[in-house]
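Under full-length UniProt numbering, the first residue of the sequence shown is numbered 1, with each subsequent residue one higher.
These notes concern the structure reproduced below.
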Amino acid sequence: MSEILFDEVPSLDLADFTSGDAERRARFVKKLGDAYQNIGFIALRNHGLSDDLTEKLYAATQKFFALPDEVKQKYEHPELAGQRGYVGKGKEKAKGFNTGDLKEFYHVGQELSDIPDSDPIKEEYPENIFPTEVPEFKEVTLEAYRRLEAAGKEVLRAIAIHLGLDENYFDDKVKFGNSILRPIHYFPIENPDSVPADAVRAAEHGDINLITLLMGASADGLQVLRRDGQWIPITALPEQVVVNVGDMLARLTNNKLKSTIHRVVNPPRELMHTSRFSIPFFMHPRSEMDLTCLESCIDEKNPKAYPDATAGEYLNERLVELGLKKA
């Protein structure tokens with residue numbers, strides 16, 4: 001197909017895919033495929049998150065991050081490589097960067113009580129950690145987690161159809177997958193001269209996972225690197241979530257689907273003292289998923305670009321690169 005240079009992220013309606021109407025479904029899959037083969041991002045409506053839940057989630061997130069640093073640090077567990085609980089300011093850095101990002105965040109994963117004891121994956125995940133100072137944080141983060149996971153499964157079904165796979169190809173691979181909900185606080189900088197010159201809210205990076213579902217952030221700043229080298233600002237309407245391809249899906253499809261580099265830039269100097277909040281849902285498969293490039297995505301023009309690896313092996317490698325885990 002010919003290359004499309006999008007000036008903005010294409011907007012899709014998940015209701016078209018879930019409608020049961022063959023024509024609407026086919027149109028959704030076509031638009032999704034065009035977007036993911038080019039810019040790697042879409043904005044999605046009718047994703048299952050209500051305005052009420054979104055408001056409650058942001059309120060609980062802001063309440064937690066407003067706590068004193070010494071209180072938040074009670075929920076930091078470096079031995080978990082940042083996979084659950086709080087990760088402090090500047091701890092994570094993008095691949096290839098030495099300076100930590102100007103952010104702090106919290107990780108919520110699969111709730112162990114939701115996973116049957118008969119499933120061996122249960123042994124792989126640590127218990128979630130929830131702040132007692134914000135009791136509503138647990139309920140709203142877990143509800144948002146389940147709704148975004150459900151929307152993500154539908155998007156993966158559409159991706160499977162686009163790739164010529166069985167519609168349910170990803171279903172068992174993401175069932176109780178290692179997905180993470182990450183409320184992020186890009187904290188205020190009262191004195192911009194006090195931070196390293198190259199410090200940014202989130203340096204340019206690709207996401208590790210299959211797909212990311214990002215709720216509308218509280219302020220601008222997200223940018224996507226288009227294939228012609230231009231940075232395009234991403235602005236989702238309040239009722240949309242932004243859904244992008246991650247590196248695992250790019251590996252599986254031998255780069256047919258694009259894991260596009262993106263970043264969160266600092267605001268103008270006069271607004272550095274303000275906060276920005278953002279809540280992505282990183283949809284991961286189970287650790288045993290085979291990320292070997294699909295044969296259908298390999299040809300003479302596109303030889304196999306990646307060594308074989310499982311999702312668990314690749315995640316481990318990337319956590320070391322991000323500075324969250326020791327080699």
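Yeah, the Cβ is synthetic: ideal placement off N, Cα and C, and Gly gets one too.
Owing to the predicted nature of the structure, the values given are computational and were not obtained by experimental measurement.
Taking the alpha helix (DSSP H) that Asp13 belongs to, which residues open and close that run? That residue, Asp13, is in no alpha helix (DSSP H); its beta strand (DSSP E) goes Ser11 to Asp13.
How would you label Leu12, buried or exposed, when you count the other beta carbons within 10 angstroms and need 16 or more for buried? buried
Hey, out of Leu102, Asn46 and Ile39, whose CA is closest to Leu237's CA? Asn46
Report back the beta-carbon spacing between Gly312 and Glu288 to the nearest angstrom; my notes put them in contact at under 8 Å. 7 Å
How about Leu67 and Leu44: do their beta carbons lie closer than 7 Å? no
Any idea what DSSP makes of Met272, helix, strand or coil? coil
Enclosing beta strand (DSSP E) for Asn244 [first to last residue]: Val241 to Val245
Using CA atoms only, rank isn't needed, just tell me which of Lys256, Gly96 and Thr260 is closest to residue 332. Shown here, the chain extends from 1 to 327; a query on residue 332 therefore has no answer.
Tyr169 in three-state terms, based on DSSP: The three-state secondary structure of Tyr169, taken from DSSP, is coil.
Would you call the stretch 151–163 and the stretch 31–42 in contact, with 3 or more CB pairs under 8 Å? yes
Please report the Cβ distance between Phe105 and Pro183, rounded to the nearest whole angstrom; I am assuming they are in contact, meaning their Cβ atoms lie under 8 Å. 6 Å
Alpha helix (DSSP H) containing Ala158: first to last residue? Glu136 to His162
Looking at Ile159: is its Cβ nearer than 7 Å to the Cβ of Glu167? no
Which value, in whole angstroms, describes the spacing of the CA atoms of Thr235 and Asp220? 7 Å
I need the DSSP call for residue 328, collapsed to helix, strand or coil. Shown here, the chain extends from 1 to 327; a query on residue 328 therefore has no answer.
Among Gln37, Ser278 and Phe130, the one whose alpha carbon lies nearest that of Lys74: Phe130
Could you give the DSSP three-state label for Thr310: helix, strand or coil? strand
Out of Glu8, Asp52, Phe65 and Ala59, which has the shortest C-alpha to C-alpha gap to Ile39? Glu8
Rounded C-beta distance between Thr196 and Thr274? I'm assuming under 8 Å. In the sequence on display, residue 196 carries Pro and not Thr. That belief does not hold up - the Cβ atoms of Pro196 and Thr274 are roughly 20 Å apart, past 8 Å.
Buried or exposed: where does Asn302 fall if 16 or more other Cβ atoms within 10 Å of its Cβ makes it buried? In this structure Asn302 is exposed. Its beta-carbon is surrounded by fewer than 16 other beta-carbon atoms within 10 angstroms.
How far does the alpha helix (DSSP H) with Arg24 in it reach, from first residue to last? Ala22 to Asn38
Continuous beta strand (DSSP E) stretch holding Met215: start and end: Ile211 to Met215
Exposure of Arg201, with buried meaning 16 or more beta-carbon neighbours within 10 Å: buried
According to DSSP, is Ser278 part of a helix, a strand, or is it coil? strand
Using C-beta distances below 6 Å, list every residue in its chain close to Tyr36, excluding the 5 sequence neighbours before and after it, in chain order. Val245 and Leu257
Suppose contacts are defined by Cβ-Cβ distances below 7 Å. Is Ile208 in contact with Asp172 by that definition? no
Can you name the residues that DSSP bridges to Ile232? Looking at the DSSP assignment, Ile232 forms a beta bridge with Val224.
Quick check on DSSP: helix, strand or coil for Arg263? Residue state, collapsed to three classes: strand.
Report the residue from Val108, Ala151 and Thr141 whose alpha carbon sits nearest the alpha carbon of Tyr58. Thr141
Could you check where the beta strand (DSSP E) with Tyr75 kicks off and where it finishes? Tyr75 -> no beta strand (DSSP E), and no H or E assigned at all.
Cβ-based neighbour list, Leu80, same chain, cut-off 6 Å, excluding 5 preceding and 5 following: These residues qualify, in order along the chain: Pro126.
Would you mind sorting Val134 into buried or exposed? The rule is 16 or more other CB atoms within 10 Å of its CB. buried
Helix, strand or coil: how does DSSP classify Ala59 here? Helix.
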